[in-house]
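Throughout, this note's numbering is defined as the position within the sequence shown, counted from one, plus 179. Even for Gly, the Cβ is constructed at its ideal location relative to N, Cα and C.
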Amino acid sequence: MTPDLLRYGEGALLVELGGLAEVIALYDALTGDPPRGVTDIVPAARTVLVRFEPPASHDTVASAVRSAWAVRPGGVRPADAPEVTIPVVYDGADLAAVAAHTGLTESEVVAAHTAASWTVAFCGFAPGFGYLVGGDPRLTVPRRAESRVRVPAGSVALADEFSGVYPRESPGGWQLIGRTETVVWDTHADPPALLRPGVRVRFAVVTR
Numbered sequence: 180m181t182p183d184l185l186r187y188g189e190g191a192l193l194v195e196l197g198g199l200a201e202v203i204a205l206y207d208a209l210t211g212d213p214p215r216g217v218t219d220i221v222p223a224a225r226t227v228l229v230r231f232e233p234p235a236s237h238d239t240v241a242s243a244v245r246s247a248w249a250v251r252p253g254g255v256r257p258a259d260a261p262e263v264t265i266p267v268v269y270d271g272a273d274l275a276a277v278a279a280h281t282g283l284t285e286s287e288v289v290a291a292h293t294a295a296s297w298t299v300a301f302c303g304f305a306p307g308f309g310y311l312v313g314g315d316p317r318l319t320v321p322r323r324a325e326s327r328v329r330v331p332a333g334s335v336a337l338a339d340e341f342s343g344v345y346p347r348e349s350p351g352g353w354q355l356i357g358r359t360e361t362v363v364w365d366t367h368a369d370p371p372a373l374l375r376p377g378v379r380v381r382f383a384v385v386t387r
């Protein structure tokens, strides 16, 4: 498909795409060779927002996006993408429910979650919350029928095709399978978000 390019105010262009694979491919192409004047590239589930400042214009950025789309790397992440390892205690409140839904044992759920090489596709919901993709398809589970009022910071969860780590206490409807002490959002850090688009993530089992 050909992406739709929409003006988004005076200093941004919104690229509408068919799905997450196309978003990842275009994001990687643009960040690998950022167009002149572009100040920020923000992926989402089906869009990429490209912010720019002079001398760039809507027309020059649109041309650069079309060129990047033509040579996009097909969703293959760069080999030198940063990788983080997140230690997890797998004792989440929904671990048994996830096992029942998938037909796996709890140990098999944990093994599948830690065996995968996850990648942050985009961020949203809350500052520092990364939507991780690339997991075992068997771990695709629905969100909870009823959201929790409070999900503790550091909760490791699954929903649909994604995994994620709650950066702070908040409401949430994802299936909780574990917890980590890793801080994924720190306003004193540079950058504050540990899980940024393109970052690779490995989960590792730790005991209490």
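Endpoints, beta strand (DSSP E) assigned at residue 363:
Within the sequence shown, numbered from 1, the residue matching residue 363 stands at position 184. Neither: residue 363 is in no beta strand (DSSP E) and is coded neither H nor E.
If I measure Cβ to Cβ from residue 213 and keep anything under 8 angstroms in the same chain, skipping five residues before and after, which residues do I get?
Residue 213 sits at position 34 when you count from the first residue of the sequence shown. Contacts found: 220.
State buried or exposed for residue 286, treating a residue as buried only when at least 16 other CB atoms are found within 10 Å of its CB.
In the sequence shown, the residue the question calls residue 286 occupies position 107. Under this definition residue 286 is an exposed residue.
Proximal residues to residue 347 (C-beta, below 7 angstroms), its chain only, five neighbours per side dropped:
Within the sequence shown, numbered from 1, the residue matching residue 347 stands at position 168. Same-chain partners within the cutoff: 305, 332 and 364.
Determine the direct distance from the alpha carbon of residue 313 to that of residue 198, and round the result to whole angstroms.
By 1-based counting over the sequence shown, the position of residue 198 is 19. By 1-based counting over the sequence shown, the position of residue 313 is 134. Roughly 15 angstroms between the two C-alpha positions.
Take the Cβ of residue 370 as the centre, count every other Cβ of all protein chains shown within 10 Å, and call the residue buried at 16 or more, exposed below.
Locating residue 370 in the sequence shown gives position 191, where the first residue counts as 1. Residue 370 comes out exposed.
Considering only residues of the same chain and omitting the five flanking positions on each side of residue 325, which have a CB-CB separation below 7 angstroms?
Counting from 1 along the sequence shown, the entry for residue 325 is found at position 146. Around residue 325: no qualifying Cβ.
Tell me whether residue 293, by its Cβ, gets closer than 7 angstroms to a heavy atom of the ligand GTP.
Absence of the ligand GTP is noted for the structure shown, with no ligands found whatsoever.
Less than 8 angstroms between the CB atoms is what I'm expecting for residue 192 and residue 184, so what's the real figure, rounded?
Translated into the one-based positions of the sequence shown, residue 192 becomes position 13. Translated into the one-based positions of the sequence shown, residue 184 becomes position 5. So it is a contact: roughly 6 angstroms between Cβ atoms.
For residue 277, which residues in the same chain have their Cβ closer than 7 angstroms to its Cβ, ignoring the five residues on either side in sequence?
By one-based count along the sequence shown, residue 277 stands at place 98. Closer than 7 angstroms at Cβ, skipping near neighbours: 288, 320, 337, 354 and 356.
Collapsed DSSP secondary structure at residue 232 in the structure displayed:
Numbered from 1 along the sequence shown, position 53 holds the residue referred to as residue 232. DSSP places residue 232 in coil when its eight states are reduced to three.
Could you check whether residue 308 and residue 345 sit closer than 8 angstroms to each other, using their CB atoms as the reference points?
Residue 345 sits at position 166 when you count from the first residue of the sequence shown. Residue 308 sits at position 129 when you count from the first residue of the sequence shown. Result yes, Cβ atoms of residue 345 and residue 308 sit closer than 8 angstroms.
Span of the alpha helix (DSSP H) around residue 281
As a working note, residue 281 is residue 102 in the sequence shown. Start and end: 274-281.
Start-to-end residues for the beta strand (DSSP E) that takes in residue 320
To locate residue 320, count along the sequence shown from 1; it is residue 141. Note, residue 320: premise wrong, no beta strand (DSSP E); not H, not E.
Taking the Cβ atom as the reference point for each residue, do residue 260 and residue 378 lie within a distance shorter than 8 angstroms?
As a working mapping, residue 260 is identified with position 81 in the sequence shown. As a working mapping, residue 378 is identified with position 199 in the sequence shown. Yes; because the gap between Cβ atoms is below 8 angstroms, this pair is in contact.
Integer-rounded CB distance, given that residue 294 should sit under 8 angstroms from residue 315:
Numbered from its first residue, the sequence shown carries residue 315 at position 136. Numbered from its first residue, the sequence shown carries residue 294 at position 115. Right, the Cβ-Cβ distance comes to about 7 angstroms (below 8 angstroms), so this counts as a contact.
Only counting the same chain, and skipping five residues up and downstream in sequence, which positions put a Cβ closer than 6 angstroms to that of residue 374?
Within the sequence shown, numbered from 1, the residue matching residue 374 stands at position 195. Correct list, in chain order: 299, 309 and 363.
Work out the CA separation of residue 341 and residue 302 for me, nearest whole Å.
On the sequence shown, position 123 is the one that residue 302 refers to. On the sequence shown, position 162 is the one that residue 341 refers to. If I take the Cα positions, the gap works out to 12 angstroms.
Taking C-alpha atoms, which residue in 318, 311, 335 and 241 lies nearest to residue 186?
For the purposes of this step, residue 186 is taken as the residue at position 7 of the sequence shown. If we check each option's Cα against that of residue 186, 241 comes out closest.
Through-space distance from residue 263 to residue 202, alpha-carbon basis
Along the sequence shown, one-based indexing puts residue 202 at 23. Along the sequence shown, one-based indexing puts residue 263 at 84. Going from the Cα of residue 202 to the Cα of residue 263 covers about 22 angstroms.
Cα separation between residue 291 and residue 297?
The residue labelled residue 291 in the question sits at position 112 within the sequence shown. The residue labelled residue 297 in the question sits at position 118 within the sequence shown. When rounded, the distance between both Cα atoms is 11 angstroms.
Helix or strand or just coil, what does DSSP make of residue 383?
Counting from 1 along the sequence shown, the entry for residue 383 is found at position 204. The answer is strand: DSSP assigns residue 383 an E or B state.
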